[in-house]
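Worksheet for the structure shown next.
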Amino acid sequence: MLSELILRIILGTLSVAAFGVFFGLLYKGIDRKLSAHMQGRIGPPIRQPFRDVAKLFEKENIIPDHAIPWVFNFIPLVGLVATISILLYLPLGGFPPLFSSGADLIVVLYLLIIPSLALVIGGFSSGSPYAIVGAQREMATMIAYEFPLAILIITIAWNLLQKGVTSAFSFSTIASMPVWNQVTGPLGFIGFAILLVVLMLVTPAELSKIPFDSPEAETEIAGGLLVEYSGRNLAMFYLIDGVKTVVMASIVVTLFFPYNLSAFLGLGSYEAMIIDIVFYLFKIFLVILFSVTLIRVAIARLKIDQIVYTYWIPLTLASLIGLILVMWDGVIMNIFSFT
Amino acid sequence: MFTLESGSGFWNPLIWILIIFIAFLLFYGIRGFGKSLYKKGTEQTKAFLSGNKEAAPEEMHVKASNLYWGFTVSMSSLYSRLRKMHTGNVSDYLLWFIIVLAILFLVIGVI
Chain A
984 MLSELILRII LGTLSVAAFG VFFGLLYKGI DRKLSAHMQG RIGPPIRQPF RDVAKLFEKE
1044 NIIPDHAIPW VFNFIPLVGL VATISILLYL PLGGFPPLFS SGADLIVVLY LLIIPSLALV
1104 IGGFSSGSPY AIVGAQREMA TMIAYEFPLA ILIITIAWNL LQKGVTSAFS FSTIASMPVW
1164 NQVTGPLGFI GFAILLVVLM LVTPAELSKI PFDSPEAETE IAGGLLVEYS GRNLAMFYLI
1224 DGVKTVVMAS IVVTLFFPYN LSAFLGLGSY EAMIIDIVFY LFKIFLVILF SVTLIRVAIA
1284 RLKIDQIVYT YWIPLTLASL IGLILVMWDG VIMNIFSFT
Chain B
52 MFTLESGSGF WNPLIWILII FIAFLLFYGI RGFGKSLYKK GTEQTKAFLS GNKEAAPEEM
112 HVKASNLYWG FTVSMSSLYS RLRKMHTGNV SDYLLWFIIV LAILFLVIGV I
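These protein sequence lines are chains A and B, in that order.
Positions in the first sequence are counted from 1; adding 983 to them yields this note's numbering.
Positions in the second sequence are counted from 1; adding 51 to them yields this note's numbering.
See below:
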């Protein structure tokens, strides 16, 4: 029993790590190619992120004079390992999570903070003023977007609790009871649609993408918290970015689009598996297209005070409105059913 | 086995630690393929400051209060009101304390 569990953890971690790194870099390449075409450029080939990582491994791994070497070297690994661990708790490729009873949505939200904190600690340990400014901005961004994100998560869990579900924060439960199937009227539908938009706007901040990339801001603070990183350490942060993109897109898919095509098409066995994996990868692509590529091409970088304002005022209000609409959904429909 | 349950939430830290350990071994090994050398004590190890001369660390220090700049600027109207309320006068703070207590008693009494 125990040996079986350990074997499952070893094989699961290795396979999920390979999956996260491969598709993280692949989607990064697709994103770069698409955004280049949208800006009238040819752009790099889709395999460019793989070449970037290979090249970074051949570059010198410079440690600045004023850095704290062990923290500077250790923290990119911590960030990457924590990001990979999240993937084991998420439903991937239409399959249930590998360790569905290992952690729930709240734990995953806490685990999501680790890669961002790794960036912050790495920035502070660099001993560069640019990196420290970047690290401070990253912390401010984290504080800002957690507020609407928490309201969104509570709304989804509260809605499931109202349906009599006991483990409302479990990913297996959330994936088996899609939010759109739980609404009873238009108010609930509008409420969840607003919350979906909020989550799609939290995603670029989680991933430090334009317009919420002021912690890095190449043209202003020369890469911010990553300015002193090079070689294999920078490659680790590069991989974190790719894997975290897959993680965030998988969370969006699980919370709002956990549907599988095989059930609609009435397929079984291997055909169903293949169709579900392809459909899952397509959903991930759509999430990245709408919440990363289109936004970063269309909007300029926001200043840190604008980022804080965006998350604490309009998006928090929007998520509160979404919460209220979802709460009223059942009540209003009950009133109509009585009259 | 060893799953912490809070009623609505759950977490198994042992599974997580095992996952972290295996993933750490994997990526530590992969990281080992990268180049570890660099030219110590050269221009290479000085902080990048857009061509400006590097000063002593204490002179380049960025204040921790800078972290809150985004909040204080974006919600300046709220902060300016809060600053006015912080008079430093103990009598004012006692007055606030009594007002809040009165509101609490009213709310508790009504409910």
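Idealized CB from N, CA, C, for every residue including glycine.
Only a predicted model underlies this, so the values are computations on that prediction, with no experimental measurement involved.
Segment limits, alpha helix (DSSP H) that includes residue i
i: A/E1203; result: E1201 to I1204
i: A/R1284; result: First-last for A/R1284: undefined, no H or E at that position.
i: A/S998; result: L985 to M1021
i: A/T1156; result: F1154 to S1159
i: B/I5; result: Beyond the ends of chain B as shown, which are 52 and 162, falls residue 5 of chain B; an answer cannot be given.
i: A/K1146; result: Segment: none, A/K1146 is in no alpha helix (DSSP H) and carries neither H nor E.
i: B/E94; result: From DSSP, B/E94 is part of no alpha helix (DSSP H); its letter is neither H nor E.
i: B/R82; result: P64 to R82
i: B/F122; result: W120 to S125
i: A/D1035; result: Q1031 to E1041
i: A/I1045; result: Note, A/I1045: premise wrong, no alpha helix (DSSP H); not H, not E.
i: A/E1189; result: P1169 to E1189
i: B/V113; result: Careful: B/V113 lies outside any alpha helix (DSSP H) and carries neither H nor E.
i: A/V1162; result: V1162 to Q1165
Rounded straight-line distance, which links the Cα of residue j to that of residue i
i: B/G71; j: B/T96; result: First, the amino acid is wrong: residue 71 of chain B is Ile here, not Gly. Those two C-alpha atoms are separated by around 32 Å.
i: A/D1312; j: A/L1170; result: 5 Å
i: B/W62; j: A/S986; result: 20 Å
i: A/I1329; j: A/I1069; result: What the structure shows of chain A is the stretch from 984 to 1322, and residue 1329 of chain A is not part of that stretch, so it cannot be assessed.
i: B/W147; j: B/L155; result: 12 Å
i: B/E94; j: A/W1141; result: 57 Å
i: A/G1207; j: A/K1038; result: 21 Å
i: A/I1046; j: A/N1056; result: 8 Å
i: A/R1030; j: A/I1223; result: 17 Å
i: B/F75; j: A/V1054; result: 15 Å
i: A/I1126; j: B/M126; result: 14 Å
i: B/K90; j: A/K1266; result: 46 Å
i: A/F1273; j: A/V1180; result: 10 Å
i: B/G160; j: A/I993; result: 59 Å
i: A/N1044; j: A/L1102; result: 17 Å
i: B/G83; j: A/F1040; result: 9 Å
i: A/Q1165; j: B/V113; result: 50 Å
Same chain, Cβ closer than 8 Å to residue i, five either side skipped, listed in chain order
i: A/G995; result: L1071, L1081 and F1082
i: B/L55; result: F61, W62, N63 and P64
i: A/E1199; result: G1117, S1191, G1206, G1207, L1208 and L1209
i: A/A1123; result: I1287, I1290 and V1291
i: A/I1058; result: A1101, I1104, G1105 and S1108
Neighbourhood of residue i by C-beta distance below 7 Å, restricted to the same chain and skipping five residues each side
i: A/K1192; result: V1275 and R1279
i: A/L1178; result: L1135, T1138, S1302 and G1305
i: A/S1150; result: T1156
i: A/E1211; result: P1047, A1050, S1109, S1111 and A1114
i: A/L1094; result: A1065, S1068 and I1069
i: A/I1173; result: L1308
i: A/S1153; result: S1083 and D1087
Within-8 Å CB hit, residue i to chain B
i: A/S1252; result: no
i: A/D1288; result: yes
i: A/A1123; result: yes
i: A/Y1128; result: no
i: A/N1142; result: no
i: A/Q1145; result: no
i: A/N1044; result: yes
i: A/I1089; result: yes
i: A/T1202; result: no
i: A/P1112; result: yes
i: A/Q1119; result: yes
i: A/P1032; result: no
i: A/L1248; result: no
i: A/V1235; result: no
i: A/I989; result: yes
CB contact check: residue i to chain A, cutoff 8 Å
i: B/T96; result: yes
i: B/V124; result: yes
i: B/S59; result: yes
i: B/Y130; result: no
i: B/L69; result: yes
i: B/L133; result: no
i: B/W147; result: no
i: B/I154; result: no
i: B/G121; result: yes
i: B/K104; result: no
i: B/F53; result: no
i: B/G85; result: yes
Chain E within 8 Å of residue i, Cβ atoms only
i: A/A1205; result: Within the model displayed, chain E is absent; protein chains A and B are what it includes.
Own chain partners of residue i with C-beta closer than 6 Å, once the 5 adjacent residues on each side are dropped
i: A/A1158; result: P1074, T1237 and P1241
Requested in this report: Run through the stretch 1236-1280 of chain A for me and flag every whole alpha helix (DSSP H) of 4 or more residues, listed as ranges in chain order.
Outcome: 1244-1248 and 1252-1271
Report task. Taking only runs that begin and end inside the stretch 1070-1109 of chain A, name each unbroken alpha helix (DSSP H) of 4 or more residues, in chain order. Result -> 1088-1109
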